[in-house]
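Data first, discussion second: the structure below is written as structure tokens.
Protein chains: 2
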Amino acid sequence: MNLTRRELGRLAAAGTMLGYAPRAIASGEERKIGYAVIGLGVISMEHFMPGVKMSQHSRITGIVSGHRDKAERIAAQYGVPSGSIYSYEDCDRMADNKDIDAVYVALPNNMHAEYTIRSAKAGKHVLCEKPMATSVADCEAMIAACRNADRKLMIAYRCHLEPTNLHAMQILREGKLGKIQAIESSFGFHAAPGQWRLSRTMAGGGPLMDVGIYSLNACRYLTGEEPVSVEAYSSVVDKDGRFAEVEENVSWTMEFPSGAVASCSTTYGAPMMGFFKVHGAMGEMYAEPAFNYDGMHLRAEIYGQPPIDELNPARDPYQFVAEADHFAECVLENREPVTPGEEGLRDMKLIAEIYRTSGIR
Amino acid sequence: MNLTRRELGRLAAAGTMLGYAPRAIASGEERKIGYAVIGLGVISMEHFMPGVKMSQHSRITGIVSGHRDKAERIAAQYGVPSGSIYSYEDCDRMADNKDIDAVYVALPNNMHAEYTIRSAKAGKHVLCEKPMATSVADCEAMIAACRNADRKLMIAYRCHLEPTNLHAMQILREGKLGKIQAIESSFGFHAAPGQWRLSRTMAGGGPLMDVGIYSLNACRYLTGEEPVSVEAYSSVVDKDGRFAEVEENVSWTMEFPSGAVASCSTTYGAPMMGFFKVHGAMGEMYAEPAFNYDGMHLRAEIYGQPPIDELNPARDPYQFVAEADHFAECVLENREPVTPGEEGLRDMKLIAEIYRTSGIR
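Sequences listed follow chains W and C, in order. By numbering that gives the first Met the number 0, the letter at position 294 of the first sequence is numbered 293, and the numbering carries on one by one without gaps. By numbering that gives the first Met the number 0, the letter at position 212 of the second sequence is numbered 211, and the numbering carries on one by one without gaps.
As structure tokens, then:
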């Protein structure tokens with residue numbers, strides 16, 4: 000068994016299959032971290048903010064939005080005073096707002112870097128949605144800005160705090176599946192026209208940036224290794240205008256130092272329930288769905304052991320509760336998040352390499 | 000709907016979910032094709048020969064084996080006279096045996112070419128196990144030998160006559176799943192030491208040659224297209240001596256002219272139930288097991304249609320019954336088999352390319 004301290008922390012944090020169990024904070028038991036939400040899209044309004052409402056150590060204390068009316072309405076729901084609503088132009092004024100400890104960046108991908116850097120300069124810790132940014136250079140600038148401002152930076156990779164994914168990691172780290180030989184993973188969906196996701200400028204890429212990153216990240220946390228090489232194909236099947244700027248499909252393979260190989264796919268052209276399958280010398284482990292907001296289902300057949308068939312009953316927004324509270328704890332206890340900026344940077348470097356070998360840039 | 004005549008024939012032949020329905024042979028209704036089985040391994044004795052016993056147009060009329068005792072015992076079970084038992088050395092004498100119309104070549108891969116060519120020269124039609132051979136040159140020599148002798152050549156790709164796989168092809172050809180965006184497929188198993196499979200000379204390669212070929216072939220028959228490029232990784236994880244000569248793992252991606260992409264894996268180091276998943280614009284189709292001897296299970300979720308969940312109740316050796324009878328019909332009616340030598344050659348060329356790009360040869 001070869002768990003890193005970070006992994007042990009995650010497993011301890013996961014506690015039960017029902018969800019993340021927040022730690023009792025030794026000092027300042029009553030203290031909650033105040034989050035300003037930057038960007039009022041679906042993930043903020045339907046997942047993160049309801050998650051914060053159910054959390055132990057987090058609360059919503061500010062909103063940054065381009066839509067004042069919408070912001071006022073949401074602010075009222077969460078008890079955020081009007082004075083803590085900012086526009087994109089004036090959000091640097093958050094520096095003067097003592098109720099805002101951290102921000103949650105949930106903007107189109109190309110805006111992650113700017114608002115992470117501005118928030119850090121305003122003295123706020125940053126929980127930023129994935130993908131971290133649209134370029135390696137932006138990721139590096141974000142890490143540097145948070146380091147210089149002595150602020151925490153976490154990339155919102157939900158699965159690193161999600162009990163089903165954590166259980167899968169645990170099974171692998173304990174060696175129950177034997178040496179990992181091969182992994183398959185994919186995640187995709189049918190993208191409707193007219194979204195910022197289909198803009199090369201705003202999204203930085205197609206489904207690989209958006210959901211393929213789950214498979215990429217999963218191969219890394221399942222093996223506990225960094226790929227030594229990648230090869231990829233990307234393509235556009237539908238000539239209906241949606242894919243003028245970004246790819247529709249990417250398939251890629253990776254090789255890890257142990258010799259484990261991975262094959263992955265992502266698409267914007269078809270439903271593709273996120274899954275991973277891990278083939279070890281002693282058995283097979285299969286999660287589907289593996290990356291959804293809820294309904295995670297893990298199955299494993301391992302020689303000489305009873306079969307595993309676990310459906311995680313926790314409902315959305317349990318992953319956002321865990322995310323908000325984990326980052327809050329990191330801020331309160333001065334700990335490193337499980338998925339710091341460096342984690343996002345590693346994926347971004349691999350994404351750049353996948354795009355490069357697929358020949359689309 | 001864009002079915003080729005060959006595919007239509009396969010679909011018609013498949014008939015029911017229970018298995019291949021042999022055609023009534025117009026002339027010579029009572030005529031059965033006599034097969035000599037070359038090689039008395041598991042696939043011959045436990046699958047093909049029992050399948051022939053249940054067939055309508057086929058019977059066992061000869062045996063070629065290096066073990067005379069074993070051959071005598073099996074011959075007695077199938078009513079094969081002693082005079083129709085041959086050794087590898089004297090099997091060219093089959094030329095004089097009018098009861099033998101065809102041979103079933105079920106030898107280590109590196110012997111497929113020699114015994115196909117010798118059988119064709121002896122005037123026999125050849126049903127040869129997959130992989131067709133261990134090199135492109137051997138495949139070409141086999142095709143030429145059968146053409147020169149005016150004999151039929153079929154490669155024993157079971158899935159082309161298997162109702163679950165045929166139903167999957169039909170759904171795709173009818174466009175029910177919409178344009179195919181991505182396919183995932185894998186097939187592998189844990190290879191015990193001491194088998195000819197682990198000899199580079201005898202097997203020509205590792206799991207890609209043996210079972211990865213099912214995934215490769217499936218991506219071709221599911222899309223109905225030929226890949227325009229492949230990229231691959233192969234690796235050895237277990238340094239226990241089993242993989243001194245052949246690879247343990249291969250993962251590869253392929254791109255098709257339509258833009259569909261595929262990602263596949265195979266292994267000798269882990270259990271890996273054969274499956275394929277097809278992602279189309281209108282839905283998702285999933286077969287697992289997809290390539291076994293029985294128990295095939297097809298599921299599909301297609302927008303606006305009731306879900307498909309079909310477990311094929313047919314039991315082994317139903318695929319071998321279909322194989323024996325289909326080839327018998329081709330001989331009796333002078334038709335081209337669904338999987339002629341050219342089909343095996345195409346896979347062999349792709350296997351060579353996968354090995355080349357994976358850097359292992």
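Cβ atoms here follow ideal geometry from the backbone N, Cα and C, with glycine treated the same way.
Neighbour flag for residue i against chain C, beta carbons, 9 Å
i               : result
T356 of chain W : yes
A231 of chain W : yes
L207 of chain W : no
E248 of chain W : According to the sequence displayed, residue 248 of chain W carries Asn and not Glu. Judged by the 9 Å Cβ criterion, N248 of chain W is in contact with chain C.
M168 of chain W : no
E183 of chain W : yes
A35 of chain W  : no
I154 of chain W : no
W195 of chain W : no
S373 of chain W : The structure shown has nothing for residue 373 of chain W, since chain W only spans 0 to 360.
K175 of chain W : no
E283 of chain W : yes
A351 of chain W : no
A259 of chain W : yes
S43 of chain W  : no
S118 of chain W : no
Pick from the options that is closest to residue i, judged by C-alpha positions
i               : options                           : result
T115 of chain W : W:A351, W:D95, W:D98 and W:A143   : W:A143
M281 of chain W : C:A269, C:F275, C:S234 and C:G204 : C:A269
Y156 of chain C : C:R117, C:A181, C:S214 and C:A119 : C:S214
C145 of chain C : C:A121, C:A259, C:E230 and C:G203 : C:A121
Y220 of chain W : W:S233, W:R345 and W:D100         : W:R345
Y34 of chain W  : W:D89, W:R72, W:V104 and W:I170   : W:V104
M284 of chain C : C:A299, C:R150 and C:N291         : C:A299
Q318 of chain W : W:K31, W:S43, W:R30 and W:M131    : W:S43
M295 of chain W : W:H325, W:V41, W:L171 and W:A286  : W:A286
S54 of chain C  : C:D308, C:H325 and C:F275         : C:H325
Under 9 Å between C-beta atoms of residue i and residue j
i               : j               : result
I179 of chain C : V277 of chain C : yes
K69 of chain W  : L106 of chain W : no
P316 of chain C : G50 of chain C  : yes
S264 of chain W : S134 of chain W : no
H124 of chain C : A94 of chain C  : no
A190 of chain W : R241 of chain W : yes
A181 of chain W : S262 of chain W : yes
G279 of chain W : N291 of chain W : no
G203 of chain W : N333 of chain W : no
S357 of chain C : S228 of chain C : no
Coarse secondary structure for residue i, derived from DSSP in three states
i               : result
G61 of chain W  : strand
S43 of chain W  : helix
A112 of chain C : helix
Q180 of chain C : strand
L160 of chain W : helix
E247 of chain W : coil
H166 of chain C : helix
P370 of chain W : Chain W is shown only over 0 to 360; residue 370 of chain W falls outside these bounds and no answer can be derived.
I84 of chain C  : strand
L171 of chain W : helix
Y354 of chain W : helix
K52 of chain C  : helix
R146 of chain W : helix
L349 of chain C : helix
F242 of chain C : coil
D308 of chain C : strand
G187 of chain W : strand
K120 of chain W : helix
C-beta neighbour in chain W for residue i, strict 9 Å
i               : result
D293 of chain C : no
H278 of chain C : yes
E300 of chain C : yes
A217 of chain C : no
D308 of chain C : no
I179 of chain C : yes
E254 of chain C : yes
V236 of chain C : yes
H189 of chain C : yes
M271 of chain C : yes
G268 of chain C : yes
T265 of chain C : yes
*asked:* At a CB distance below 9 Å, what residues from the region 52-83 of chain C approach chain W? Give them in sequence order.
replied: Listed by position, the residues of the region 52-83 of chain C near chain W (Cβ gap below 9 Å) amount to none.
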